[in-house]
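What follows is a single structure, written as structure tokens, with notes after it.
Numbering (the numbering used here), first residue to last: 851 to 1058.
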């Protein structure tokens, strides 16, 4: 789940060790949505429009260096009647917390979405709480995300935007039970991406 390109790239959230080319188009769409919101939100933070904690000096993700990145990824889907629902929650202790929710996919005017950076964490002691306003209606994700004993080693090498990015560490799977509430309607969510990551990220320039 890497942003495709650009100076706002936040590294190390692609779960390449567990994803294959045979997964559904919905999962691929979810991955692209996570990537897009991370890139946009990170760029906003860098130019002073984000809501990252004021006391922390956020590293520039477009520059070489080494960061220790920890957080949570929840990439989930569901249905409200005939409309597809996507909910992506991303926590990164280095770069901040990002949310994206979409109702409807390929529905033209019926497709609505919201993405934002927030100060508070979404997952606290296994309880998930996230909310936003979508098309003048309150939308919320509620439920639980419990850490399991399934730990996957991660070693990923990516070249992007003039950088060679090496990520080493672990992904620990989360067991989720989540509901999306939109206005007066609700649906259960299934999360194809649900894990805690703990990664050391080393970025070196390909230009020098």
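We put the CB at the ideal spot given by N, CA and C, even for glycine.
Query: Buried or exposed by the 16-neighbour rule on C-beta atoms within 10 Å, applied to residue 925; Result: buried
Query: Residue 1028 to residue 992 span [Cα, whole Å]; Result: 6 Å
Query: Per-residue burial, residue 941 [other beta carbons within 10 Å of its own, 16 or more giving buried]; Result: buried
Query: DSSP three-state assignment for residue 1019, whether helix, strand or coil; Result: strand
Query: For residue 934: DSSP bridge partner residues; Result: 929
Query: Own chain residues within Cβ distance below 6 Å of residue 963, not counting five before or after; Result: 952
Query: Limits of the unbroken beta strand (DSSP E) element including residue 967; Result: 962–968
Query: Beta-carbon spacing of residue 948, residue 967 below 7 Å; Result: yes
Query: Cα-Cα separation, residue 980 to residue 950; Result: 10 Å
Query: Residue 1034 versus residue 1057: straight-line alpha-carbon distance, rounded; Result: 53 Å
Query: Identity of the residue in 1041, 1006, 1048, 1003 nearest residue 935 by Cα; Result: 1041
Query: Three-way DSSP call (helix, strand, coil) for residue 1054 in this model; Result: strand
Query: Environment of residue 1054 [buried if 16+ CB atoms lie within 10 Å]; Result: exposed
Query: Own chain partners of residue 1031 with C-beta closer than 6 Å, once the 5 adjacent residues on each side are dropped; Result: 990
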